[in-house]
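Working notes for the structure below.
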Amino acid sequence: MDSATAACERNPAYCATVAGEESVVPLQVRAVQVAAAGKAWEVLDELVWKSIEDILFECAKWADAEVNRKEFGGRAPTATECEQQVGGTRENPVTRGMRLGGAKHELASQCTEEKLSRAQPGRFSLEQRYRIHPETRQLELISRKTELAMLRKGGKELAGSVVPDVIIHTGDPLQVQAVFDFKFPCPEGNRAAWRDYPSGSASGASNQGEAYKSIFGVQPTRVPPRREIE
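Following this line, the structure appears as structure tokens:
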């Protein structure tokens, strides 16, 4: 049995039968084949999208539950607990909700890497920094080494750059097909919202979601631990 057929028997939702043939192909391949006549990165198969959404939602749900289990014995934090200041300054406080969100993001990222490495190998990036190059006006990746060099010079060149939680691409990280960000509202009854940007920000956007859309040209998606994915 070939590897594609074996993989499809394990995960039928990821695969489709090729018309007129008995063989099957993984949908991550099919998504590119569908768009072979044009720009492949403009098309992401609907079933592939759904499978990715499901993976990210399950990772967000698991990370949320795991941190709540360790911190609160399985219950969700209250509004008072979320707002408790645990660091920072009076002007820039670090709340317990912020720290919980950071811990949940870390676990969700680990889960995502493990699951997407099997479902979409070579077609995703996690916490990769991007920007529009100020001279060429083209999308550019900023490596960690380059980022550190820019920070040593004051960080001005990083203004307007973004670091989405999850990027789905064709295999070329510059051919972006989908953008996702995990959101962990605290308390859990709050709406999962994009982070607001200050007036006059380098990106020209009013919030994180607008910045993503401007840079990547695709509508970004928020992934909270409770359905629906937004």
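Numbering (our numbering), first residue to last: 329 to 558. By construction, the Cβ of each residue, glycine as well, lies at the ideal position given by its N, Cα and C atoms.
message: By the three-class DSSP mapping on this structure, what secondary structure does T464 have?
response: coil
query: Can you list, in chain order, the stretches of the beta strand (DSSP E) that have 3 or more residues and sit fully within the region 440-506?
result: 452-454, 457-460, 467-470 and 494-497
- request: Please classify F544: is it buried, with 16 or more other beta-carbons within 10 angstroms of its beta-carbon, or exposed?
  value: buried
task: Go ahead and pull the three-state DSSP assignment for T549.
output: strand
- prompt: How long is the line joining the alpha carbons of P421 and L375, rounded to whole angstroms?
  reply: 42 Å
message: By alpha-carbon positions, which one of R465, L384, L469 and L476 ends up nearest to A436?
response: L384
- request: State the start and end residues of the unbroken beta strand (DSSP E) segment that holds R412.
  value: Position check: residue 412 holds Gln in this sequence, whereas Arg was assumed. No beta strand (DSSP E) contains Q412, which DSSP labels as neither H nor E.
- prompt: With distances taken between CB atoms, is the gap from R459 to G488 smaller than 7 Å?
  reply: yes
Span of the beta strand (DSSP E) around T423: P421 to T423
- prompt: Is the CB-CB distance between P492 and A520 below 7 Å?
  reply: no
message: Checking 7 Å against the spacing of the C-beta atoms, do Q505 and I496 come in under that value?
response: yes
task: With E374 as the anchor, note down where its alpha helix (DSSP H) starts and where it stops.
output: E374 to F400
C-beta atoms of L372 and V395 nearer than 7 Å: no
- prompt: Would you call the region 407-427 and the region 512-529 in contact, with 3 or more CB pairs under 8 Å?
  reply: yes
field: Candidates F510, A391, R523 and D524, of which the one nearest L454 by Cα
entry: F510
query: Hey, out of Q456, M426 and V546, whose CA is closest to P405's CA?
result: M426
- request: Tell whether a beta-carbon distance below 7 Å holds between V507 and P449.
  value: no
query: By how many angstroms is the C-alpha of K389 removed from the C-alpha of T423?
result: 21 Å
- request: Just mark H461 as buried or exposed, buried being the case when its beta carbon has 16 or more other beta carbons within 10 Å.
  value: exposed
query: In whole angstroms, what is the alpha-carbon distance linking N535 and V546?
result: 15 Å
- request: Please classify F508: does DSSP put it in a helix, a strand, or coil?
  value: strand
query: For L561 versus P501, is the C-beta spacing smaller than 7 Å?
result: Any question about residue 561 goes unanswered here, given that the chain covers just 329 to 558.
- prompt: What does N535 pair with, by DSSP beta-bridge criteria?
  reply: D524
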